[in-house]
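Written out below as structure tokens is the structure these notes cover.
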Amino acid sequence: MENSSQHSPTLAEIAAEFLLNISQKEDRERNQIEVYKFVRWLGLGRRPSELNPVDVASYGEQITPLEVKPVKSFLTYLKKREFTTINLASHVRARKVSPKIVLLGQDYREEVILTGEGRVELEAELASLKDQRSDVIEEMQKAASDKDFQENAPLAAARERKSHLDGRIQELEATLKLAKIMSERQNTAKVKMGGTVILRELSTGKKLSYVLVDSREANPTKGKLSIASPLGKALLDKGRGQIVEVTAPAGVFSYRIEDIQYN
563 MENSSQHSPT LAEIAAEFLL NISQKEDRER NQIEVYKFVR WLGLGRRPSE
613 LNPVDVASYG EQITPLEVKP VKSFLTYLKK REFTTINLAS HVRARKVSPK
663 IVLLGQDYRE EVILTGEGRV ELEAELASLK DQRSDVIEEM QKAASDKDFQ
713 ENAPLAAARE RKSHLDGRIQ ELEATLKLAK IMSERQNTAK VKMGGTVILR
763 ELSTGKKLSY VLVDSREANP TKGKLSIASP LGKALLDKGR GQIVEVTAPA
813 GVFSYRIEDI QYN
């Protein structure tokens, strides 16, 4: 095995390495958005050995056919470099393109619906990342003044960070360009995107609260649940009092919908 578990790199590190090995700039930029989106979804700090077919298959359900190719290429790279022992690329299957996806030329552009708060947060993140990118470029210029490029660890680290920032910046710019602000909903009888759902986990009695949002706005730490997630999909169009079940690698989880609220 080429990579010992003791020194196994993270998915973020491997993604940067993978992208640097793509010679054509256009191909690299095209792959960058999708690969970093995939890696963030899995967890930037996770190790390849922690991945399983269920993780990969779940992600495949959320993406379009156009987005599959970069993800498969990255997973094939993991196997080729012996970061994984199984070919995870074979488990990626894109969902069927829905009527909301419009074909533009040879590209699929999916409509992005954000909450007003979500758009503001993404714009703030974009501005922050651009500032960070400027700082990283300065770091690269300083590091490049060291003529010993072969042993220039600071330069390599700065390049890797810039690659990561570029990927996220491009993704945010593309998202904001396509984004529409969610209209206010008056019907509170059913769970819809933008609604706050109060749940009771039946096995523990724990009370949970989530706002259902587009996957690009999702942030579990802030209670924002993706409508493309297993729980999000199970909740859509359900009403108060209904029980939904979600099957996960750890087992089956049951939740009762206690309340549905719209601001």
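Sequence positions in the sequence shown follow the numbering used here and run 563 to 825.
Where a beta carbon is used, it is the ideal one built from N, C-alpha and C, also for glycine.
Computed from a predicted structure; not experimentally measured.
Looking at L613, N593 and I625, the one whose alpha-carbon comes closest to that of F636 is N593. The stretch 685 to 702 makes no contact with the stretch 750 to 766, as fewer than three CB pairs between them are under 8 Å.
The secondary-structure analysis by DSSP pairs S771 across a beta bridge with I760. The three-state secondary structure of R818, taken from DSSP, is strand. The shortest C-alpha to C-alpha distance from N781 to any of I805, E679, S690 and K724 is the one to E679. Judged by DSSP in its simplified three-state form, E623 adopts coil rather than helix or strand. With contacts defined as CB atoms closer than 8 Å, S771 and S788 fail to qualify as a contacting pair.
Here DSSP, grouped into helix, strand and coil, assigns Q823 to strand.
Between the C-alpha atoms of L738 and A651 there is a straight-line separation of about 29 Å.
When DSSP states are grouped into helix, strand and coil, I699 belongs to the helix group. Residue pairing of N781 in beta bridges, as defined by DSSP: K786. Taking R655 as the centre and dropping the five residues before and after it, the same chain places the C-beta of G622 closer than 6 Å to its C-beta, in chain order. Its Cα nearest to that of L573, the residue W603 stands out among A790, W603 and S585.
Runs of the alpha helix (DSSP H) spanning 4 or more residues and lying entirely within the stretch 583 to 610 occur at 587 to 604, in chain order. Non-local C-beta neighbours of I699 in its own chain, meaning closer than 6 Å and more than five positions away in sequence, are absent.
Within the same chain, T572, L573 and A574 come within 8 Å of L606 by CB-CB distance, once the 5 residues on both sides are set aside. Counting every other CB atom within 10 Å of its CB across the protein chains shown gives P610 a total of 16 or more, marking it as buried. Boundaries of the alpha helix (DSSP H) around K795: P792 to L797.
In this chain, the beta strand (DSSP E) harbouring K742 covers A741 to I743. Close CB contacts of P632 within its chain, under the 6 Å cut and outside five residues either way in sequence, are with N593, E596 and V597 (chain order). DSSP, reduced to helix, strand and coil, places L676 within a strand of the structure shown. T809 carries a strand assignment under DSSP once its states are collapsed to helix, strand and coil. A residue is called buried once 16 or more other Cβ atoms fall within 10 Å of its Cβ, and I576 is buried on that count. With respect to the 8 Å criterion, E807 and V814 are classified as neighbours on the basis of their beta carbons.
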